[in-house]
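Which chain is which? The protein sequence lines are A and B, in order.
Under our numbering, the residue at position 15 of the first sequence is numbered 31, and the numbers go up by one with no gaps.
Under our numbering, the residue at position 211 of the second sequence is numbered 430, and the numbers go up by one with no gaps.
Just so you know, even glycine gets a beta-carbon here, dropped at the ideal spot from N, CA and C.
Every value quoted in this text rests on a predicted model; they were computed, and no experiment measured them.
Written out below as structure tokens is the structure these notes cover.
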Amino acid sequence: MHQPPSATDLLRTVAATIADEIVPALDGPAQHRARVAASIVEIVTREIDLGPAVREAEVAALRAIAGGGDADPAAVAAALRAGAADDPAEHDRVLELLVAIARGDLSIAKPGYDEWDGD
Amino acid sequence: MAGDAHSVALGAWLSEQRGGQVTVEDLEPVSAGARRFNALFTEVDDGVRERLALTMIPTAAIQLLSVADEAAVRTLAEQAGVPVPRVRHVCVDEGVLGGPFFISTAIDGETVPRRVLRLVASAGGDLGPTIVAQIGTALARLHSIDAGLAPAALRPESGNPPIAEALAQVDLGLSELLAPSPAFAFCARWLERHAPDEPSRPSIVHSDVRNGNIIVGDDGLRAILDWEGSRLGDPAEDPAWTAQRMWRFREDHLTVGGLGSFDTLRDAYVAAGGDWDADRVRWWRVLTTVRWGLGMAGQSRSHLDGSFPSIVMAASARRMAELEFDALQLLR
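Structural data, given as structure tokens:
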């Protein structure tokens with residue numbers, strides 16, 4: 017068992033070091049890549065923290081889309097592509113569940129992006 | 220691309236074109252993307268100095284449209300009243316600079332999206348909506364061009380009409396995903412069921428008009444850039460693409476590039492003679508959102524398979540949820 021800092025504490029420190037110290041010291045394409053690197057570390061840190069709960073909610077939503085059946089995402093995608101949610105009421109129900117899944121992914125990849133209700 | 224050697228090569232080529240002594244000074248790279256090299260330089264011809272822009276495609280194999288065809292489209296657009304940097308020279312000989320290139324007039328102004336938004340904010344007044352209206356007018360003029368004048372390369376290789384081609388691309392993109400996307404599968408079904416009729420009249424479509432591909436000044440829109448994605452298509456695609464959330468840079472309430480409203484774009488487009496079918500434009504908004512999301516996943520695949528290893532490409536797939544979310548919001 018390691019002493020703290022934890023793995024995610026260390027990753028947060030890596031992200032902050034890249035963003036606050038390394039990015040300002042660079043310019044041009046290298047600076048852009050360093051910014052992307054900091055962003056990736058932030059995303060992966062959130063994925064470690066939030067990933068298990070987000071995946072659990074996704075599985076529940078996929079099962080609900082499948083009407084309590086198979087939560088395999090490939091099977092759900094194939095059914096939706098083939099028209100399983102064509103009925104207007106079913107379209108609305110499935111849409112909300114898919115939005116919930118996207119919100120979960122965004123909580124990891126881009127927090128705050130889901131504060132938009134369409135134009 | 221080393222500046223000095225290319226200044227000399229470019230000066231020699233220009234001298235040959237003009238039949239006089241032309242020198243190239245102050246060659247300044249402005250952006251070096253994966254697909255093209257853009258630079259500004261000063262041409263000195265018999266003591267007359269002029270700032271010009273160089274666009275060079277480093278590898279002929281990866282150009283979307285040949286420099287000659289891109290130049291031809293820009294000239295057609297200019298003749299129709301679309302603001303574009305005027306093309307001065309086209310060189311298809313890859314031996315001069317290491318790739319085909321063209322030279323156009325350099326136009327002052329802002330192109331970097333955040334600087335564009337800062338300029339608009341500091342100018343106050345109606346500069347943002349003015350730019351949006353000018354984009355609407357420019358698009359209507361572009362779409363009014365007789366498609367028969369367009370270079371043959373603008374027709375899709377598949378021979379498919381635009382709606383069928385776009386739907387086929389979505390299904391191809393879905394089939395290539397390394398992890399399934401129920402959200403995009405749902406959108407693909409919606410797109411298929413709500414597909415509009417093929418356009419009665421195909422038009423030259425720019426396909427990437429947005430905040431980021433325009434030059435603006437305190438007087439408004441000065442030029443539309445980056446015509447390499449031009450093709451014959453459904454004109455409704457262009458206004459739809461301007462409204463992507465990605466081009467708003469957090470100014471979410473200003474639908475067109477964080478600059479102004481979609482109504483402003485539509486009113487100007489219609490006033491300049493364009494046909495606006497709201498359902499058709501909405502369909503293209505969904506289609507282009509899904510297509511961009513699938514493209515993000517594709518970028519990361521090209522990192523993973525080694526064809527384009529890059530941290531930027533690697534990060535792209537984590538952005539797909541943004542496009543899934545946006546596309547679903549458009550289906551409410």
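By the 10 Å Cβ neighbour count, where 16 or more other Cβ atoms means buried, how is residue i classified, buried or exposed?
i       : result
T474(B) : buried
V249(B) : exposed
A224(B) : exposed
P418(B) : buried
V331(B) : exposed
S341(B) : exposed
Q353(B) : buried
E289(B) : buried
R537(B) : buried
V500(B) : buried
L391(B) : exposed
H425(B) : buried
D445(B) : buried
L451(B) : buried
P127(A) : exposed
S526(B) : exposed
D327(B) : exposed
G343(B) : exposed
S377(B) : exposed
Please report the distance separating the alpha-carbon of residue i from that of residue j.
i       : j       : result
L361(B) : V335(B) : 23 Å
A540(B) : W502(B) : 20 Å
V309(B) : A287(B) : 6 Å
A371(B) : I350(B) : 32 Å
S180(B) : G436(B) : Residue 180(B) is absent from the structure shown; chain B starts at 220 and stops at 551.
I276(B) : G317(B) : 8 Å
Q518(B) : R237(B) : 42 Å
T356(B) : D486(B) : 9 Å
E112(A) : R464(B) : 20 Å
G493(B) : S363(B) : 8 Å
L549(B) : A459(B) : 12 Å
T483(B) : P348(B) : 7 Å
A385(B) : P375(B) : 11 Å
F321(B) : T274(B) : 5 Å
V39(A)  : E58(A)  : 15 Å
I34(A)  : A116(A) : 32 Å
V60(A)  : P21(A)  : 17 Å
D133(A) : E269(B) : 49 Å
A366(B) : V389(B) : 25 Å
P89(A)  : D498(B) : 30 Å
M220(B) : P45(A)  : Unreliable positioning characterises M220(B) in this predicted model, as indicated by a pLDDT of 48, which lies under 50. The coordinate reading is nonetheless provided below. Roughly 15 Å between the two C-alpha positions.
T29(A)  : S55(A)  : 12 Å
D438(B) : L346(B) : 8 Å
S394(B) : V489(B) : 38 Å
R293(B) : A69(A)  : 52 Å
Check whether the Cβ of residue i lies closer than 8 Å to any Cβ atom in chain E.
i      : result
P89(A) : Given the protein chain composition of this structure (A and B), no chain E is represented.
What does residue i reach in chain A if we use C-beta pairs closer than 9 Å?
i       : result
T461(B) : Ordered by position in chain A, no residue passes the 9 Å Cβ test against T461(B), which lies about 12 Å from the chain.
A395(B) : Residue identity differs from the one stated: residue 395(B) is Glu in this sequence, not Ala. Here the premise fails: no neighbours, minimum Cβ distance about 13 Å.
Strictly below 8 Å CB to CB, what residues from chain B border residue i?
i      : result
R71(A) : None at all; the shortest Cβ gap to chain B is about 12 Å.
Could you check where the beta strand (DSSP E) with residue i kicks off and where it finishes?
i       : result
E262(B) : 256-264
Residues of chain A with a CB under 7 Å from the CB of residue i: which are they?
i       : result
F256(B) : Neighbours of F256(B) on chain A: none; closest Cβ ~13 Å, over 7 Å.
E543(B) : A118
A534(B) : V52, S55, I56
Kindly list, in the order they appear in chain A, the residues whose Cβ is closer than 8 Å to that of residue i.
i       : result
V531(B) : H48, R49, V52
P401(B) : L78, I81, P89, V92, A93, L96, L114, I117
A407(B) : R97
R307(B) : In chain order: nothing, as chain A lies at least about 28 Å away.
Give the range of the alpha helix (DSSP H) segment to which residue i is assigned.
i       : result
G561(B) : Not covered by the structure: residue 561(B). The range shown for chain B is 220 to 551.
W553(B) : The structure shown does not extend to residue 553(B), since chain B spans only 220 to 551, so no value can be given for it.
I364(B) : Run containing I364(B): none; DSSP gives neither H nor E here.
F544(B) : 539-549
G72(A)  : Just to set this straight, residue 72(A) is Glu in the shown sequence, not Gly. Looking at the DSSP string, the run of the alpha helix (DSSP H) that includes E72(A) is 44-81.
S526(B) : Note, S526(B): premise wrong, no alpha helix (DSSP H); not H, not E.
R374(B) : Careful: R374(B) lies outside any alpha helix (DSSP H) and carries neither H nor E.
D25(A)  : 23-33
D482(B) : 481-490
What residues of chain B sit near residue i, judged by a beta carbon separation below 7 Å?
i       : result
D121(A) : A540
G134(A) : Q548, L549, R551
Mind listing the chain B neighbours of residue i? Cutoff is C-beta to C-beta under 9 Å, in chain order.
i       : result
G85(A)  : Those do not exist, as G85(A) stays about 13 Å from chain B at its closest Cβ, beyond 9 Å.
A125(A) : R537, R538, M539, A540, E541
Return yes when at least one heavy atom of the ligand PLP lies under 7 Å from the C-beta of residue i, else no.
i      : result
T61(A) : This structure simply doesn't include the ligand PLP, nor any ligand for that matter.
Worksheet item: What are the start and end residues of each continuous alpha helix (DSSP H) run of 4 or more residues lying completely inside the region 392-477 of chain B, in chain order?
Response: Runs of the alpha helix (DSSP H) inside the region 392-477 of chain B: 401-412, 456-461.
Worksheet item: Where in the region 94-132 of chain A do unbroken runs of the alpha helix (DSSP H), each at least 4 residues long, occur, reported from the N-terminal end onward?
Response: The region 94-132 of chain A contains these whole alpha helix (DSSP H) runs: 104-125.
Worksheet item: Along the chain, which unbroken stretches of the beta strand (DSSP E) at least 3 residues long are found entirely within the region 263-344 of chain B?
Response: Segments of the beta strand (DSSP E) lying fully in the region 263-344 of chain B: 267-275, 306-310, 320-324.
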